[in-house]
Amino acid sequence: MIQITLPDGSLREYDQPLTVHEIAASIGLGLASAAVAGRVNGVLVDCEFMVGADARVSIVTPQEPDGLEILRRSCTLMLAMAVKQLHPHAQMRAGSPLGDGFFCEFAVERALAATDLPLIEARMQSLAATNHSIRRQTISSPTSTTTTTSENLSLYRLGDSEYWTTGPHVPTTKVLQAFALDHISGTLQQRVYGTCWSSHQELQYWRLPAHVMVVSMDDRQTTYAHAVTETLRRGGVRALADLRNEKVRYKIRQHSQTVPYLVVVGEKEKAGGFVSVRSNRGEDFGRMQVEAVCQWLSQPGITGG
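Counting along the sequence shown from 1, when you hit position 116 you're at 116 in UniProt numbering, and nothing is skipped either side.
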């Protein structure tokens, strides 16, 4: 007999091993339909993970941060599949969640352009509607290639392609519905950026004009810049983050045309726990602690609030 302890402390007993998805289904069909992963004794696992002994289990849905990150991680695989179908010579080099979305990096023979993004996005929507499964592959005898792969990576299959990637991933592409592609950078080594949310309502809210844009200098400040953005949001500020691997001057120039205030984050800001604030009119408000800038920007009239 296997005893499963749920988050509310209740116990459920099963007479044989079963997957995380089967545990969710035994609780409720709605929960099983919403599940994107599970936690078994605190460790995130795929829905198909087999629980064979007593354990504490919780079901992860897109309504929590971990679940939303899993949606975005899985979007990288669907993006890679869409690009490969449309551009067979493109080779995926990396893919990862990033702030409010995700990116994939490709090596290409012919540079993709912004005009390619609607076609790629449409192919992704078709793949989501087709409802492909995403499955972790079991490696019985690692080769020299797999032994040199990071221990944090696992092999996942989507369609007829396999990808080395961090898990877990959603069980099927049907849950990937509220996403959009918004930028492409580079030439022969290119990054395609997108956003992904748990619902179309959240996606539409994300598309509303921002009062504040958090701009990172480079990839080293990604985590800190995203944390700053979340702090501003909790303080009632309509904030977005530009974490793209673009030159900071390009990002500032672009957002100065539409966003009232820019919050710039570099290595000095990250190390000191502060940010640099400026307006789109060229006013430099200097460096502030994150909590202080949050309070300042939340004042009526400062950001239109």
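We put the CB at the ideal spot given by N, CA and C, even for glycine.
This structure is a prediction, so every number in the text was calculated from the model and none was measured.
Q | Whole-angstrom distance between V57 and S276, CA atom to CA atom | A | Those two C-alpha atoms are separated by around 43 Å.
**Q.** Inside the region 27 to 113 only - alpha helix (DSSP H) runs reaching at least 4 residues
**A.** Counting only unbroken stretches of 4 or more residues, the alpha helix (DSSP H) elements lying wholly within the region 27 to 113 are 29 to 34 and 65 to 86, in sequence order.
Q | Length of the line joining the Cα atoms of E121 and G9 | A | So the alpha carbons of these two residues sit roughly 43 Å apart.
Q. When DSSP labels each residue in this structure, what does T173 get in the three-state scheme?
A. The answer is helix: DSSP assigns T173 an H, G or I state.
Q: Taking the CB atoms as reference points, tell me whether V264 and L240 lie closer together than 9 Å.
A: No, the Cβ-Cβ distance between V264 and L240 is not below 9 Å.
Q: Name, in chain order, the residues that DSSP records as bridge partners for M288.
A: V275, per the DSSP bridge assignment.
Q. Leaving out the 5 sequence neighbours to the left and right, which residues in its chain are closer than 8 Å to G52 when beta-carbon positions are compared?
A. Excluding residues within five positions, the ones whose Cβ falls inside 8 Å are I2 and P17.
Q: Return the CA-CA distance between A114 and I139, expressed in angstroms with no decimal places.
A: Looking at the two C-alpha atoms, the distance is approximately 38 Å.
Q: Could you give the DSSP three-state label for E269: helix, strand or coil?
A: DSSP, read as helix, strand or coil, puts E269 in helix.
(Q) Taking the alpha-carbon of V290 as reference, which of R244, T166, A225 and N245 has the nearest alpha-carbon? (A) Among R244, T166, A225 and N245, the Cα nearest to that of V290 belongs to A225.
Q: Could you tell me which uninterrupted beta strand (DSSP E) segments, each at least 3 residues in length, are contained entirely in the region 110 to 140, listed from first to last along the chain?
A: The qualifying runs are 134 to 136.
(Q) Applying the 10 Å Cβ sphere with the 16-neighbour rule, what's the burial state of Y261? (A) The residue is buried, with at least 16 neighbouring Cβ atoms inside 10 Å.
Q | Local conformation of V293 per DSSP, three classes | A | V293 falls in the helix class under three-state DSSP.
(Q) I'd like the list of long-range same chain contacts for L98, defined as Cβ closer than 6 Å, with 5 residues on each side in sequence excluded. (A) Listed in chain order, the non-local C-beta contacts of L98 below 6 Å within the same chain comprise L243, local neighbours out to five positions each way being set aside.
Q: Give the straight-line distance between the Cα atoms of V45 and G38, rounded to the nearest whole angstrom.
A: The alpha-carbon atoms of V45 and G38 are separated by roughly 5 Å.
Q) Which term fits M92, buried or exposed, when burial requires 16 or more other beta carbons within 10 angstroms of its beta carbon? A) Looking at its Cβ environment, which holds 16 or more other Cβ atoms inside 10 Å, M92 is buried.
Q. On the premise that H21 lies in contact with A34, defined as a C-beta separation below 8 Å, what is that separation, rounded to the nearest angstrom?
A. A34 to H21, Cβ: 11 Å. No contact.
(Q) Comparing C-alpha positions only, which one of P171, P118, D160 and V83 sits nearest to E109? (A) Ranking P171, P118, D160 and V83 by Cα distance to E109 puts V83 first.
Q) Counting only beta-carbon atoms, is G272 nearer than 9 Å to chain D? A) Reference to chain D is not applicable here, since this structure consists of a single protein chain.
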